[in-house]
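Each protein sequence line maps, in turn, to chains A and B. For the working numbering, count along the first sequence from 1 and bump the result up by 188. For the working numbering, count along the second sequence from 1 and bump the result up by 11. Think of the CB as a built atom: it goes at the ideal place given N, C-alpha and C, for glycine as much as any other residue. The structure displayed is predicted, hence computed values, not measured ones.
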Amino acid sequence: MKEKKTKVKSSLDDLDMTVSNQGKDKYILRLYITGSTIRSALALTNLKKICKEYLEGRYELEVIDLYQHPSLAKGEQIIAAPTLIKKLPLPFRRIIGDMSDKEKVLLGLDLKEVKEKIDFQ
Amino acid sequence: MKKTEHKTFNNDLPKTPTGIQGFDEITAGGLPKGRPTLICGGAGCGKTLFGIEFLVRGATQFNEPGVFMSFEETNEELTTNVASLGFDLNDLVKNKKIALDHVHIERSEIEETGEYDLEALFIRLGYAIDSLGAKRVVLDTIESLFAGLPNQLILRAELRRLFRWLKDKGVTAIITGERGDETLTRQGLEEYVSDCVIMLDHRVTEQTSTRRLRVVKYRGSTHGTNEYPFLIDETGFSVLPVTSLGLEHIVSNERISSGIKALDEMLEGKGYYRGSTVLVSGTAGIGKTSIAAHFAEAACKRGERVLYFCFEESPNQLMRNMLSIGIKLEPWVRKGLLRFQAIRPTLYGLEMHLAVTHKFVNEFKPDIVILDPINTFVTGDKEFEVKTLLMRIVDFLKVNQITALFTSLTSSECRMESSDVGISSLIDTWLLLRDIELNGERNRGMYVLKSRGMANSNQIREFVLTNHGVELRDVYIGASGVLTGSARITQEALENSKVLKRKHEIESKKREIARKRGDMESKIATMRADFASEESEAIKILEIEQEMIKRLEQDKMEMAKSRKAKTGNIATKNV
Chain A
189 MKEKKTKVKS
199 SLDDLDMTVS
209 NQGKDKYILR
219 LYITGSTIRS
229 ALALTNLKKI
239 CKEYLEGRYE
249 LEVIDLYQHP
259 SLAKGEQIIA
269 APTLIKKLPL
279 PFRRIIGDMS
289 DKEKVLLGLD
299 LKEVKEKIDF
309 Q
Chain B
12 MKKTEHKTFN
22 NDLPKTPTGI
32 QGFDEITAGG
42 LPKGRPTLIC
52 GGAGCGKTLF
62 GIEFLVRGAT
72 QFNEPGVFMS
82 FEETNEELTT
92 NVASLGFDLN
102 DLVKNKKIAL
112 DHVHIERSEI
122 EETGEYDLEA
132 LFIRLGYAID
142 SLGAKRVVLD
152 TIESLFAGLP
162 NQLILRAELR
172 RLFRWLKDKG
182 VTAIITGERG
192 DETLTRQGLE
202 EYVSDCVIML
212 DHRVTEQTST
222 RRLRVVKYRG
232 STHGTNEYPF
242 LIDETGFSVL
252 PVTSLGLEHI
262 VSNERISSGI
272 KALDEMLEGK
282 GYYRGSTVLV
292 SGTAGIGKTS
302 IAAHFAEAAC
312 KRGERVLYFC
322 FEESPNQLMR
332 NMLSIGIKLE
342 PWVRKGLLRF
352 QAIRPTLYGL
362 EMHLAVTHKF
372 VNEFKPDIVI
382 LDPINTFVTG
392 DKEFEVKTLL
402 MRIVDFLKVN
412 QITALFTSLT
422 SSECRMESSD
432 VGISSLIDTW
442 LLLRDIELNG
452 ERNRGMYVLK
462 SRGMANSNQI
472 REFVLTNHGV
482 ELRDVYIGAS
492 GVLTGSARIT
502 QEALENSKVL
512 KRKHEIESKK
522 REIARKRGDM
532 ESKIATMRAD
542 FASEESEAIK
552 ILEIEQEMIK
562 RLEQDKMEMA
572 KSRKAKTGNI
582 ATKNV
């Protein structure tokens, strides 16, 4: 049940590309999960998908299993699981849930323009 | 309050003592062990403090570490707030006795994107509990979650799971909740926490506020159902149990002097019973306080401790006034045997007064408590409350074997006996002082209206304030009623003169009799003299008579001799 802390780091190879891409900053995300529950797994899959689609190459995602690191919950004010924390760019945001509502995830990540694009499709 | 040992029966619910003064008494041991308890109440009623004190007492007195999870105040705020109550949270946190965790939820930061649970909160709490080995947990106020997390369905399910989880963890938990409009808590937490529910209340009546506590529910245990007043002061929380839930206090046969000799004499010559309740009632300015002061002074002279609550005068004023009748109280205050506690009755609500009385009595441990006067509490139609208040005070003092003296001001219009009828049943010895208006004077009369367990005097005595204290004088019952004051003095003079006159009369009568006796005796003497002379005369005549008879006989004899007759016949005829 208790999974190791997994780190998925995208390569930061091309900074110019990030800047040119709608002038967006680099995303620093942290996902807190509770072991390998269905919800946690689902959240991770959904998030990875979204990141790949919209933030390819300009995000940093750290996945933390709270069962492994219970003390971290206090420091980051985590109460719900799964919780995704958007540390950067500002504003600071917590996105809770299994990330199945894609629109809301995008809203939480301030990717509204993208949301409009989806509406067109 | 002394901590009382509670007998636990075998089938009794195990309990966790809170260490909060009085609370463990009304719940017969504390909160249900290993179960969550809901504390609900409005804003500012002391929920957080109850929780904090539960943890602090647990950590310091019962060696049970605790976790405080706050959803409202930050750790710093909390530490500062309770520092004023003498709790050093920083120290306890440093020594790993208490863990503080502030859960901060900012609605604007949160985006819900699907199913979630509060497992992270569980982990967080579980981690804190395990790292201290905590036995006690306080969640203050968990309802804030409802403001932060929009999905109520999830939240409710998770709360239910949380309380179950707390039970499984075996921690004794306090969950606080804000009072709702129609429910005990806004979010209906009472549905989830069903073992023990305690309601705190902060009510304002007639501009005075009183905090009250009520055990709404306590599954598997007996508990007091009343509303108990409680205090939050510099030593924390204290709940006032209505003590002596029966009338089973020990009674003493010891008698103590009232400080007034004549009054003691009216009470079988011994004074009041120790541990009894004495009421001195009367109209304004009649000397109630003087009687109280006498009693206080006498007690101090015996080396007893006296706690004097004055609700109308300042201690200095009272001491000065008593000096004018020769009662010196100040030295006893300096010796620490006498303590004055001056409080305006309007300062607190009734319950608060009770609380304050309890507190001071517990602190000072007096042998005698004086409340002067009690009826300043009575404003308007609160008679019932006042009676309850006094009953609680009386019971509390009796249980502690403290003799109580209350003074009560009665208005002159209504009959004194009836005006105090509300509390008469609580009183053991009742002294009534009354005005006697006669001949343009107002004098003081006093009598013992009742005194349980002693053959008290039924006499009305005149009550005089002299420069060496209170004195009781006999009064005269004249044709026009009881005589007091100058009428009494006149009567005294009148009686004195009467006595004098009678004395004179007796003397003269005696003299007259003596004279009469003299007369009589002299008369007797003359009569006797007369009689003696008469007697001697009679004797003389008699002698002459007999002489003559003799002569006659001789003559006869001679005649017969001469005629030669029989002598015998003649002799018998003459004899």
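Through-space distance from residue j to residue i, alpha-carbon basis
i      : j      : result
B/I535 : B/A498 : 54 Å
B/F241 : A/T225 : 48 Å
B/Y11  : B/R484 : Residue 11 of chain B falls outside the range modelled here, since chain B spans only 12 to 586, and no answer is possible.
B/D212 : B/E374 : 26 Å
B/R223 : B/D206 : 21 Å
B/D566 : B/I555 : 16 Å
A/Q256 : B/V114 : 20 Å
B/G159 : B/P47  : 23 Å
B/G144 : B/I109 : 10 Å
B/A70  : B/I413 : 35 Å
B/V344 : B/N332 : 15 Å
B/G33  : B/V380 : 21 Å
B/R403 : B/S435 : 14 Å
B/L150 : B/T187 : 6 Å
B/I540 : B/K520 : First, the residue type needs correcting, since residue 540 of chain B is Ala and not Ile in the sequence shown. Between B/A540 and B/K520, the C-alpha separation is close to 30 Å.
B/I261 : B/G282 : 19 Å
B/L195 : B/E64  : 22 Å
B/G53  : B/N467 : 53 Å
A/I267 : B/E120 : 13 Å
A/E241 : A/K290 : 11 Å
B/A39  : B/S232 : 8 Å
B/G30  : A/T233 : 51 Å
A/P258 : A/E244 : 30 Å
B/R528 : B/E452 : 53 Å
Among the options, nearest to residue i - alpha-carbon criterion
i      : options                        : result
B/L173 : B/F407, B/G144, B/L136, B/Q163 : B/L136
B/T421 : B/D383, B/G337, B/G247         : B/D383
B/R445 : B/L89, B/S249, B/I297          : B/I297
B/S220 : B/N454, B/M363, B/L476         : B/M363
B/L340 : B/I354, B/M210, B/A307         : B/A307
B/R350 : B/I338, B/L365, B/G337, B/K376 : B/K376
A/D253 : B/L251, B/V208, B/L505, B/E130 : B/E130
Interface flag, residue i vs chain A, CB-CB below 7 Å
i      : result
B/T152 : no
B/R172 : no
B/T124 : yes
B/Y203 : no
B/A145 : no
B/I134 : yes
Beta carbon proximity, residue i to chain B, threshold 7 Å
i      : result
A/P277 : no
A/D286 : yes
A/Q265 : yes
A/G245 : no
A/K237 : no
A/I283 : yes
A/K240 : no
A/A268 : yes
A/K274 : no
A/T222 : yes
A/V293 : yes
Boundaries (first-last residue) of the beta strand (DSSP E) holding residue i
i      : result
B/A110 : 109-113
B/K339 : From DSSP, B/K339 is part of no beta strand (DSSP E); its letter is neither H nor E.
B/L49  : 47-52
B/F322 : Run containing B/F322: none; DSSP gives neither H nor E here.
B/L349 : 349-353
B/D141 : Where B/D141 is concerned, there is no enclosing beta strand (DSSP E), although the alpha helix (DSSP H) it sits in stretches over 130-143.
B/E452 : 452-462
B/E184 : The question names Glu, but residue 184 of chain B in the sequence shown is Ala. Taken as a continuous stretch (DSSP letters only), the beta strand (DSSP E) holding B/A184 covers 183-189.
Span of the alpha helix (DSSP H), counted from its first residue to its last, around residue i
i      : result
B/Q565 : 496-574
B/Q72  : 58-72
A/K290 : 290-296
A/L260 : 260-263
B/D275 : 272-277
B/I37  : 34-37
Supposed close pair residue i, residue j - CB separation, criterion 8 Å
i      : j      : result
B/N74  : B/L111 : So it is not a contact: roughly 19 Å between Cβ atoms.
B/Y127 : A/A261 : That belief does not hold up - the Cβ atoms of B/Y127 and A/A261 are roughly 14 Å apart, past 8 Å.
B/T477 : B/I447 : With 8 Å as the limit, B/T477 and B/I447 do not qualify as a contact, their Cβ atoms being about 18 Å apart.
Residue i: CB within 6 Å of a non-hydrogen atom of the ligand FAD
i      : result
A/L219 : This structure lacks the ligand FAD, and indeed carries no ligand of any kind.
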